[in-house]
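Asker: For the sequence shown, the numbering used here assigns the number 4 to the initial residue and increments by one for each residue that follows.
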Amino acid sequence: MATDTLLNRTFDRRYVIRRKLGAGGMADVYLAEDEELGRKVALKMLNERHARDDQFVERFRREAQNAAGLQHPNIVSIFDRGQAEGTYYIAMEYLDGPTLKELLVRHGKTPIDIAIDYSRQILSALAFAHRHGIVHRDIKPHNIVFGADKRLKVTDFGIARSGASQMTEAGSIVGTAQYLSPEQARGAPVDPRSDLYSLGVVLYEMLTGQVPFSGDAAVEIAMKHLTAVPEPPSKLRPEVPHDLDAVVMRALAKDPDQRYSSAEEMDADLARVARGLSVSRKTEEAMTQVLAGAGAATAATMITRPASVTPPPAPPPYRPPSGYYGYDGPVRRRAVWPWLLGLLAIAIAAGTGYWAYDKVQDQLAKNTPIAVADVRLLAEPLAVQKLKAQGFTVKVQNESSETVPDGEVIRQDPSEGVKTAQGNPVTIWVSSGRPMVIVPDVRTLTLTEAIARLAQLGLAPNVHNVYSSAPAQSVTAQNPPPGQKVFRNTKVRINVSQGVREFGITNVEGQPYANAASELEGQGFTVARTDTNSDQPKGQVIAQDPQAGTNAPAGTKITLTVSKGPVISQVPDVTGDTKEQAIQFLKQSGFGYNVVTQDVTDPSQDDIVLSEDPPGGTLKQGSTVTITVGHLTAAPPVTTTSATTTTATTTTTPTTTTTPTTTSSTTTTTPAQ
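1. Taking the straight line between their C-alpha atoms, what separation do you get for Thr-301 and Asp-258?
2. Quick one: using the 10 Å Cβ neighbour count with 16 as the cut-off for buried, is Leu-385 buried or exposed?
3. For the alpha helix (DSSP H) containing Thr-211, list its first residue and its last residue.
4. Taking all protein chains shown into account, do 16 or more other C-beta atoms lie within 10 angstroms of the C-beta of Arg-253, making it buried, or fewer, making it exposed?
5. Can you give me the C-alpha to C-alpha distance between Val-204 and Pro-549, rounded to a whole angstrom?
6. Does DSSP put Ala-352 in a helix, in a strand, or in coil?
7. Between Phe-63 and Met-95, is the Cβ-Cβ spacing less than 9 Å?
8. Any idea if Ala-520 is buried or exposed, counting beta-carbon neighbours within 10 angstroms, 16 or more meaning buried?
9. Based on Cα-Cα distance, which residue from Pro-236, Ala-180, Asp-272 lies nearest to His-228?
10. Rounded to a whole number of angstroms, what is the C-alpha to C-alpha distance between Val-495 and Gln-487?
11. Can you give the Cα-Cα distance for Val-214 and Ala-551, rounded to whole angstroms?
12. Nearest to Val-412 by alpha carbon, out of Leu-73, Gly-420, Glu-402?
13. What would DSSP say about Glu-51, mapped onto helix, strand or coil?
14. Which one or two residues does DSSP pair with Val-628 in a beta bridge?
15. Looking only at its chain, what residues have a beta carbon closer than 6 Å to the beta carbon of Phe-490, apart from the 5 residues adjacent to it on each side?
16. Rounded to the nearest angstrom, what separates Thr-661 and Val-599 at their Cα positions?
17. Quick test of your reading: Asp-219 and Ala-151, contact by CB under 8 Å. State the CB separation rounded to the nearest angstrom.
18. Please state the DSSP three-state secondary structure of Ala-26.
19. Over what stretch of residues does the alpha helix (DSSP H) that includes Ala-463 continue unbroken?
20. Whole angstroms is fine: what's the gap from Glu-583's alpha carbon to Val-565's?
21. Ends of the alpha helix (DSSP H) at Glu-3?
22. Would you mind working out which of Val-276, Arg-275, Ala-249, Gly-212 sits nearest Val-293, comparing C-alpha positions?
23. Could you compute how far the alpha carbon of Thr-447 sits from the alpha carbon of Ala-463?
24. For Val-32, list the residues DSSP reports as bridge partners.
25. Pick out whichever of Tyr-121, Tyr-596, Leu-563, Gln-526 has its Cα sitting closest to the Cα of Gln-543.
26. Note down the Cα distance separating Ala-538 from Gly-568, rounded to an integer number of angstroms.
27. Determine the DSSP secondary structure at Phe-490, reduced to helix, strand or coil.
28. Give me the DSSP bridge partner(s) of Phe-14.
29. Where do the N-terminal and C-terminal ends of the beta strand (DSSP E) with Ala-480 fall, by residue?
30. Smallest Cα separation from Ala-118: which of Asp-31, Leu-247, Ser-418?
31. When the Cβ atoms of the segment 451–467 are set against those of the segment 416–423, are three or more pairs found closer than 8 Å?
32. Below 7 Å CB to CB, which residues in the same chain sit around Asp-83 once its five sequence neighbours on both sides are set aside?
33. Let's test the definition: count the other Cβ atoms within 10 Å of the Cβ of Glu-242 and tell me whether it reaches 16, buried, or not, exposed.
34. Any chance the segment 613–632 sits against the segment 578–594, with 3 or more Cβ pairs inside 8 Å?
35. What span of residues does the beta strand (DSSP E) with Pro-144 cover, start to end?
36. Less than 8 Å between the CB atoms is what I'm expecting for Ile-137 and Val-157, so what's the real figure, rounded?
Okay, here's the thing in structure tokens:
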């Protein structure tokens, strides 16, 4: 294994390199000690093979410049940057914690409250960067690192740009496929909302343990970002609350206009979810749109011109075998003038023969079949010129096409490469552009009728379910409007009524009125109040109508019955009154009564209130007052003396009769009526 020559060396006369922390696509990162300031730093050095590449040098320089201007608790700090020993480097804050990706790989799903907290820390960093005109463009768990204080830090601003920019560099898409926004996937300009889409993917992964889109190749994943609808996190993890689902789905909207407009807006919704409150109505609507497939882009069809078929070389013109024609007989001397006449005759014959031969060759060439050139996707004038140059006659016909631009050749007959004689006709079909149709009026039709009507004309229905007072499954609106001329296969948005939207009524009994009214109004209901006397504390809701647990449309009036608090009254003094009088007085004063009887021997105390408890003062209405009522029993013992007289003797015999007195108590309790 090769030894790293940088270890334990002093780099740029200041940094002592201790160990290698990691390596990336364009740079290596080392742990180093800053001898000047006596602190540990992470030294990021552009590796040797990229140090001579101007594009990578610019990217590296841009990372240092962008991050150095962003001093924020959730953004890695840049201490120094420079060039030394044939490379470029950045000295940055050393973070000894793991990346968020390492944490996800190690532990899987993140607890919901922690996922919200992590996302809000990242949003804090993004909000700060966006306010300074910086779009990160590569938000992913790999670029989120934990510091010593467990605070998240956003790193790697290597592909960040100031303001909106093109996502292509040197003809390639920059970023990580699983976390790309749709506009990045198709190489379109990006803005801060692109970072929010990537954060939506990160939050999805924290909640479910997996990214919303995956595949075997980066292109496959990018196409899913453009066209596929992700499942809500709660489908994979049922305990994810509905409002958190809504935040994630809004962040993952294909159309940037349906996403959060800023990091601050997304953070506000996450703060509501953390407190157990509902997200904004706009977020709910955006979630509905995303789940309905709104904004899903169709990948652009790239038309690649087929490679031209090079016709085989024409066969060389026929040349007769060369030969020498002479006379082998004895030479006979002749006169000069016959010889001259012979030469002249030969010359004339040769010239005539050559002319005839040339004509024959031309005719042979015309009759020799040659391969028809490929003129598909060429502009009409160029295609005609090319075919005529081959000696063919050209017939032009027009035909509409979904894919071939106006004025270009769609197809040809004979096809390219087919051999035919010069002078034969070649027919080409030239595109007149995409076919157009007039948008019909499908408003008030049922969903089934509207889809059939649009499909009949070659238009693509784009269904959006909306809440409406119109009958369910009827079309309430459309775009483009009726009568407009559009290309075939154009998407026509139709809003389909789901009926009036109903919401579950929350139980607010037992809450203070202000809290209860605020919660119900936040759900779209109107609130009415009625006050009544009650044993419950003043201002507390003691009843609601309609009752909790039922569903009602937004705007429904919910009447809350609110306690006035208990009523305090003076306890009447009923001692000395008869029992019936005392009971009547207590009832009239709003009190219940409890009757206790006590045996008495005095007839004047019979059925008379002897005492009451409490004896007086004020008391909450409905309370019970105990009265003690006399109950007459037998008379006290009586002593009788009788005398018997005889003649001589007087005898007195006392007779004593004693009747004991018995005291009994009977209690009768009657509540206030």
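Every residue gets a Cβ at the ideal spot worked out from N, C-alpha and C, and that includes glycine. Computed from a predicted structure; not experimentally measured.
Answerer: Result, derived from the coordinates:
1. At Thr-301, the pLDDT of 39 sits below 50, so the modelled position is not reliable and the matter cannot be decided from this model.
2. So Leu-385 counts as exposed.
3. 195–211
4. buried
5. 41 Å
6. Confidence in Ala-352 is poor, its pLDDT being 48 and thus under 50, which makes the residue's placement unreliable; the coordinate value appears in the next sentence. In this structure, Ala-352 counts as helix in the three-state DSSP scheme.
7. Not a contact, by the Cβ cut-off of 9 Å.
8. Buried: at least 16 other Cβ atoms inside 10 Å.
9. Ala-180
10. Those two C-alpha atoms are separated by around 11 Å.
11. 38 Å
12. Glu-402
13. helix
14. Tyr-596
15. Arg-437, Met-439
16. With a pLDDT of 41 at Thr-661, under the threshold of 50, the modelled position of that residue is not reliable, and no figure is offered here.
17. Going by Cβ atoms, the distance from Asp-219 to Ala-151 rounds to 39 Å, so no, they are not a contact pair.
18. strand
19. Careful: Ala-463 lies outside any alpha helix (DSSP H), inside the beta strand (DSSP E) at 463–469.
20. 36 Å
21. Look at the range of the chain in this structure, 4 to 676, and you will see that residue 3 is not part of it.
22. Looking at the Cα atoms, Ala-249 is the closest of the given residues.
23. 18 Å
24. Gly-25, Lys-47
25. Leu-563
26. Looking at the sequence itself, residue 538 is Asp, so the reference to Ala does not match. Whole-angstrom Cα-Cα distance: 6 Å.
27. Strand at Phe-490.
28. Tyr-18
29. 478–482
30. Leu-247
31. no
32. Ala-94
33. exposed
34. yes
35. Where Pro-144 is concerned, there is no enclosing beta strand (DSSP E), given that its DSSP letter is neither H nor E.
36. Ile-137 to Val-157, Cβ: 11 Å. No contact.
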